[in-house]
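Heads up: the structure comes next, in structure tokens.
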């Protein structure tokens with residue numbers, strides 16, 4: 002009974018008491034006169050009792066009527082009415098006391114406070130592992146939909162709905178991930194469960210305030226397998242540690258020997274330049290001899306010659322330094338760390354040895370401590386780390402690496418801006434770069450600051466770790482914003498900082514990574530000012546997480562089925578639209594202008610906005626950028642094919658092949674995309690790929706927007722063997738004719754010949770194409786992603802197959818010259834290949 006009924010009965014009891022008190026004590030006897038009342042014969046006490054009883058009955062009936070006409074709604078509850086005449090009414094009754102028609106209407110009261118519930122589910126992962134997962138749901142009914150809930154589900158709505166939809170959503174989401182990804186990508190799993198479950202519950206008018214995964218348990222077999230794998234990894238890591246320790250011990254011996262050799266060089270230099278130094282040493286030696294003899298018990302008579310006072314003659318002073326000595330190490334570089342270069346993490350080729358690893362580390366250290374990031378020609382970057390690591394990765398032996406350093410160091414300049422071979426405005430060189438002033442506009446974009454930024458990033462890598470430094474100084478909000486704009490700066494200078502950082506990531510070398518970050522800091526961001534709007538990169542980082550709710554399946558087949566992107570347009574289709582869009586018509590041809598001027602002009606008259614719109618057609622959702630099949634590797638494949646065609650399929654029929662020097666850099670940078678992707682989260686992967694595509698496209702637009710000539714690249718030799726390397730001996734037992742180029746592996750010849758090219762761009766191009774051929778060389782004609790959709794936009798694209806990479810490599814060697822085999826070295830083509838004027842003789 003509710004409180005209103007209780008209060009009514011209390012008042013009724015009080016009135017009954019009062020009536021009873023009035024009815025007691027009153028007399029018998031009859032009254033005189035008039036007609037006789039039948040009740041007059043009733044004794045006075047009984048008469049009072051009957052009068053009181055009637056009052057009680059009336060009050061009782063009234064109390065019941067009142068109690069049946071009202072109902073209370075407690076705090077945190079809501080009520081609806083059920084009418085015998087009309088059924089469920091649509092009105093919602095809030096907290097408080099309300100009226101109803103007794104025996105016709107009755108209230109249905111709901112608790113609308115959030116109620117927790119734990120639901121466990123046994124489900125299978127993508128790799129068929131069984132996992133017990135518990136989901137905690139905080140749910141409540143939608144207040145405005147209570148009549149519908151009662152009509153369709155009743156009052157036990159949560160028991161009817163939650164177990165089924167929670168189990169279904171858990172199973173569908175977990176099936177999209179491998180067992181290991183449930184741990185490493187738990188945030189993504191939770192978000193997908195929450196989004197799907199909230200959407201499903203809303204169909205039943207339930208509101209989920211919180212959905213969280215509270216417990217994940219794998220099967221004992223899987224847990225045991227993971228433990229066994231960890232033990233095996235620890236054993237392998239220990240073995241690797243022992244190997245590295247041995248290498249470090251060997252390196253320390255080498256360093257000590259180098260130190261002693263350096264000490265001897267310094268002494269020789271002092272002797273050559275200052276005769277007083279030799280005289281000082283002679284006097285010190287004489288004093289030591291005299292002191293020893295004076296303390297001896299024997300007496301020995303020695304002349305000046307015996308006291309070594311003539312220890313050297315003038316001809317000793319004419320000694321010179323080794324012809325191989327490099328620039329002196331400036332004071333700020335004396336404590337620079339050692340190289341940690343190791344074999345490539347993304348693509349390995351036979352030939353790397355402990356000796357070549359030790360050699361490449363040593364020469365990288367020498368470059369790091371003594372040389373600036375620019376050469377004597379100040380527009381030319383110091384490519385030595387690129388050259389050394391590329392040749393090292395392709396199997397160059399130690400002697401070839403030494404020769405590479407000897408060749409490249411001859412045209413480098415001192416790291417110290419005060420060096421005699423430098424021309425720097427010393428008034429702008431900062432004393433020191435710190436965490437407070439690293440993004441000072443006075444230091445950014447100034448090449449004289451390189452040595453200071455290099456010292457700073459060495460310290461930060463030691464403090465934060467390599468990837469911590471990348472996160473702080475390349476991918477943080479402060480790094481994105483002006484004046485820092487470090488990511489944009491990394492794409493300056495024809496992508497050189499991006500490539501240099503990529504070398505550091507790919508070969509796990511801390512000193513090369515520091516060089517790349519310092520190089521980015523001294524490049525300017527103005528050349529790309531029209532491509533990055535005010536909301537960049539927030540608009541990219543916060544892009545939709547998934548193009549759809551379900552992960553698409555990836556079919557295995559013979560390649561006859563056209564391959565399509567999971568969402569949006571493919572890069573081949575986008576490039577086809579790019580070269581045909583009248584809004585993206587290149588500016589008029591100018592023969593003599595700078596690269597930055599071409600880039601700036603290409604962004605004007607609405608071209609930048611149109612280019613950004615077109616680049617946005619390339620879908621880069623989180624689910625498309627995950628690890629494994631169908632993830633970021635497909636996106637990198639699209640870019641690899643695009644830049645290969647851009648560099649090597651833009652020739653003209655009837656003309657000698659050419660390779661645009663600037664489009665070639667798109668190719669040589671693409672090999673480092675896996676090194677970036679494997680170290681980043683999906684949002685940052687999206688940012689890198691989107692920005693990279695924009696830079697590649699604006700570079701193509703500045704070079705005249707060249708069309709792809711797929712028929713031409715498919716006409717190049719698919720068996721490019723170096724000249725004069727055939728086998729003339731027709732005798733012997735052979736499986737096949739070795740003089741026939743079609744029986745030989747062209748890549749063996751291409752790699753070996755490219756190692757001897759002085760220009761590092763040649764082996765870099767060959768290594769990039771070798772990497773792409775290894776992954777995509779088996780793709781049949783028409784099998785590139787989006788080729789079918791681009792058929793009308795890029796004529797002949799469906800005839801191109803995975804042989805384009807080896808054909809392109811052979812064409813590059815033909816253009817540059819097979820120098821190892823005696824051909825003359827030829828330059829890269831500097832004219833923008835998209836313009837007709839660039840092909841005129």
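Residue numbers (the numbering used here): 2 to 842. Positions of the beta carbon are idealized from the N, C-alpha and C atoms, including for glycine.
Under 9 Å between C-beta atoms of residue i and residue j
{"i": "residue 829", "j": "residue 665", "result": "yes"}
{"i": "residue 755", "j": "residue 769", "result": "no"}
{"i": "residue 637", "j": "residue 675", "result": "yes"}
{"i": "residue 797", "j": "residue 710", "result": "yes"}
{"i": "residue 399", "j": "residue 347", "result": "no"}
{"i": "residue 138", "j": "residue 198", "result": "yes"}
{"i": "residue 353", "j": "residue 420", "result": "no"}
{"i": "residue 162", "j": "residue 205", "result": "yes"}
{"i": "residue 642", "j": "residue 573", "result": "yes"}
{"i": "residue 350", "j": "residue 752", "result": "yes"}
{"i": "residue 390", "j": "residue 580", "result": "no"}
{"i": "residue 492", "j": "residue 693", "result": "yes"}
{"i": "residue 78", "j": "residue 133", "result": "no"}
{"i": "residue 446", "j": "residue 525", "result": "yes"}
{"i": "residue 683", "j": "residue 627", "result": "yes"}
{"i": "residue 103", "j": "residue 80", "result": "no"}
{"i": "residue 82", "j": "residue 109", "result": "yes"}
{"i": "residue 518", "j": "residue 596", "result": "no"}
{"i": "residue 408", "j": "residue 386", "result": "no"}
Residue i, buried or exposed, once every other Cβ within 10 Å from all chains shown has been counted against 16
{"i": "residue 834", "result": "buried"}
{"i": "residue 667", "result": "buried"}
{"i": "residue 825", "result": "exposed"}
{"i": "residue 647", "result": "buried"}
{"i": "residue 749", "result": "exposed"}
{"i": "residue 704", "result": "buried"}
{"i": "residue 698", "result": "buried"}
{"i": "residue 224", "result": "exposed"}
{"i": "residue 591", "result": "exposed"}
{"i": "residue 678", "result": "buried"}
{"i": "residue 837", "result": "exposed"}
Run of the alpha helix (DSSP H) containing residue i, from where it starts to where it stops
{"i": "residue 468", "result": "467 to 474"}
{"i": "residue 370", "result": "355 to 371"}
{"i": "residue 168", "result": "158 to 175"}
{"i": "residue 385", "result": "385 to 394"}
{"i": "residue 213", "result": "Here residue 213 belongs to no alpha helix (DSSP H); instead the beta strand (DSSP E) covers 207 to 219."}
{"i": "residue 596", "result": "596 to 603"}
{"i": "residue 500", "result": "493 to 507"}
{"i": "residue 341", "result": "Taken as a continuous stretch (DSSP letters only), residue 341 belongs to no alpha helix (DSSP H), as it is neither H nor E."}
{"i": "residue 773", "result": "762 to 777"}
{"i": "residue 511", "result": "511 to 522"}
{"i": "residue 540", "result": "539 to 542"}
{"i": "residue 430", "result": "From DSSP, residue 430 is part of no alpha helix (DSSP H); its letter is neither H nor E."}
Extent of the continuous beta strand (DSSP E) to which residue i belongs
{"i": "residue 80", "result": "78 to 84"}
{"i": "residue 117", "result": "116 to 125"}
{"i": "residue 112", "result": "106 to 112"}
{"i": "residue 99", "result": "97 to 100"}
{"i": "residue 74", "result": "71 to 74"}
Collapsed DSSP secondary structure at residue i in the structure displayed
{"i": "residue 190", "result": "helix"}
{"i": "residue 141", "result": "strand"}
{"i": "residue 629", "result": "coil"}
{"i": "residue 785", "result": "coil"}
{"i": "residue 330", "result": "coil"}
{"i": "residue 448", "result": "helix"}
{"i": "residue 831", "result": "coil"}
{"i": "residue 225", "result": "helix"}
{"i": "residue 185", "result": "helix"}
{"i": "residue 261", "result": "helix"}
{"i": "residue 746", "result": "coil"}
{"i": "residue 826", "result": "coil"}
Interface flag, residue i vs chain B, CB-CB below 9 Å
{"i": "residue 397", "result": "In the displayed structure, chain B is absent; only one protein chain is listed."}
Residue i Cβ short of 8 Å to the ligand SAH heavy atom set
{"i": "residue 119", "result": "Absence of the ligand SAH from the depicted structure is noted, as is the absence of any ligand whatsoever, leaving it without description."}
Runs of alpha helix (DSSP H) lying entirely within the segment 660 to 740, each at least 4 residues, in chain order
662 to 671, 674 to 678, 683 to 703, 711 to 714
Taking only runs that begin and end inside the segment 394 to 425, name each unbroken beta strand (DSSP E) of 3 or more residues, in chain order.
413 to 415
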